Structures are given as structure tokens and as C-alpha cells.
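In the numbering used here, the protein residues as written are 5 to 313. By construction, the Cβ of each residue, glycine as well, lies at the ideal position given by its N, Cα and C atoms. For clarity, every value in this text was computed on a predicted model and none was experimentally measured.
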């Protein structure tokens, strides 16, 4: 009975989303639909409704974002909030600015890029045949847990090249996974520490001391047991800590990133650099590929991991 009720609820949500998409004739309406669809995707995931339902909800979010991009043109926007343009009949014709709409320049840019994609290419994104990051290069990227920081897309793409894909992101969210493209991901509500991961892992753990230690131990233990085959882990270069030393002993390669990674906040902005540098720790057998890809980002050194050739 409960499953039937949840199925009925999902049909109501998706039917409403379809109607809203058809009626979305303003930027504000399209933005409202995008937010509703992302909320529905989170709801479907929490209810265990399966990947098809989650993907269905996300497709509405992307359709709404694409439609929003079609309307986000200079002729439909003011350059500054609070200003109005006079029409020919000398009446005032109010036009919203990005600030009025609650959008950042990066969000506007991404929506407009989606709107310019050929329909065939866009449909491939909806079906998951190609990752969104392969065609959309924006700075709204990877959310890695409760601290709401995003990883630049070039780092994620480098990890994808090394491992051949990303099967699981244990510290993520629905919006982030549009970019990361992991087959499975866990949010704060899911508690990734309690879940089975498997396969190729991308991880940028929450940076609070207790959480980063717990996630570092989890990825180390899962690699030792064979539950995961490869992992790229982005963490601060806290070389003095026990959790860092634990991962370092298993690493097959390590990249000490040149400079400091410029993380991005929820608004798609870079508020400032982090207080310390970062490293990418790699577990797996693709040592040569890791060196080839990450040597452009910093000094790459061999690690003492068990899978060395």
C-alpha cells in the first residue's frame, strides 16, 4: 500500500512538472520548475524509487533550465536591478535583471549554453549517454558534502580520464551529480559512510575534522578489502594527520597540486583561496595514466601502495 501511495505521489509530481514545463513562458516560471524538479529528484532518491524516477525528475530540471536559457537574452533583461526601459508609448516596461531573478552570471551562462545545444546532443545528456560536463563548462560543479563547496570541473574531468569513469561519489548531492556523473552517489541524508560504494570512486570529503577522518578511513578500508577498485581523493595536504598518513600508505600515486585549488561556493563564485594547499591521492593500477593527466596540475610522486607494477 505504501509503495502504491508513493507511486501515486510521484505521478502527481511529474504530471505537475509536465504542465509547468508547457506553461513556462517566463524566466521566473522556468526557474520555479527547475527548483521543483530538483526537489522531486531528492524526494525520489530518499523514497528509494529507483534511478529511473530520479533521472526522470532531473530531465525536467534540465528541460526547464534549457527553456530558461532561451529567455535569458539581453532584450529580456536589464543590466542593473532597479532600472526600467521606456517603450515607444512612453510607458515603463519593467524587465528583470539577473539579481531580480536570483540568478548568478554563471547560472545564466550555463542555462544559455544548454539552450544553444542541438536537440540531439541535449537528448544524449538527458538519457545519460554523455555527461553534462562534457558539453557544459561552468563553475557550478561538485558539491562535496555538508560544507557546500564545489570542485573545479577540470579536476573532476582529470579523475574521470584516469579511472575511465566514476561509479560512486560517497559525499555528494543531486545537483552536484549532474556534473560529476557518478552512477551512484550519496548525500548527507544517505550517510555515505554507512553505504556500500563499489567500483571507481571520486571523493572530496567534508572538511570538518571528524568527517574527513571518517571518510578517509572508509575509502582506505574499502580499497584494502577490494570493495572499490580505484579512487581519486581530493583533500588538504594535512601530512601530519593520522588519516592522511593512512591514505598515503595505500596510495599508488599522489599529486601535490600547484598553488591552491580555487573552490567555488553555491552561487558559482570564488570568494577566495583556501588557507592551505591540496593533494589528489590515487588508489589503483592506472599509475601511468594518473601521472600523464595530473602532472599538468602539480608534482606527481609514486606512492607506496600495494598495487604498484
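Please report the residue range of the beta strand (DSSP E) in which residue i lies.
| i | result |
| --- | --- |
| residue 306 | 302-306 |
Out of the options, point me to the one whose CA is closest to residue i's CA.
| i | options | result |
| --- | --- | --- |
| residue 281 | 228, 207, 127 and 303 | 303 |
| residue 224 | 159, 287 and 43 | 287 |
| residue 103 | 76, 249 and 284 | 76 |
| residue 262 | 294, 301 and 290 | 301 |
| residue 72 | 105, 125, 52 and 59 | 105 |
| residue 176 | 195, 162, 121 and 164 | 195 |
| residue 260 | 306, 217, 289 and 191 | 306 |
| residue 132 | 190, 186, 108 and 234 | 186 |
| residue 220 | 59, 159, 244 and 248 | 248 |
| residue 289 | 184, 265 and 166 | 166 |
| residue 216 | 233, 197 and 52 | 197 |
| residue 190 | 41, 29, 46 and 30 | 46 |
Which residues does DSSP pair with residue i in a beta bridge?
| i | result |
| --- | --- |
| residue 286 | 236 and 257 |
| residue 172 | 188 and 205 |
Alpha helix (DSSP H) containing residue i: first to last residue?
| i | result |
| --- | --- |
| residue 167 | 157-167 |
| residue 43 | 31-50 |
| residue 59 | 55-75 |
| residue 105 | 102-105 |
| residue 127 | 123-130 |
| residue 291 | 291-298 |
7 Å is my cut-off, CB to CB: does residue i come that close to chain C?
| i | result |
| --- | --- |
| residue 301 | The chain inventory of the structure shown lacks chain C, comprising one protein chain alone. |
Curious, which full-length beta strand (DSSP E) runs of at least 3 residues does the segment 199-262 contain? 203-207, 232-240 and 257-261
Count Cβ pairs between the segment 204-211 and the segment 238-251 that sit closer than 8 Å; are there 3 or more? yes
Any contact between the segment 33-51 and the segment 61-80? By contact I mean 3 or more CB pairs, one from each, below 8 Å. yes
Quick one: any contact between the segment 219-234 and the segment 244-257, if contact means 3 or more CB pairs under 8 Å? yes
Answer yes if the segment 164-171 comes into contact with the segment 186-203, meaning at least three C-beta pairs across the two stretches below 8 Å, and no otherwise. yes
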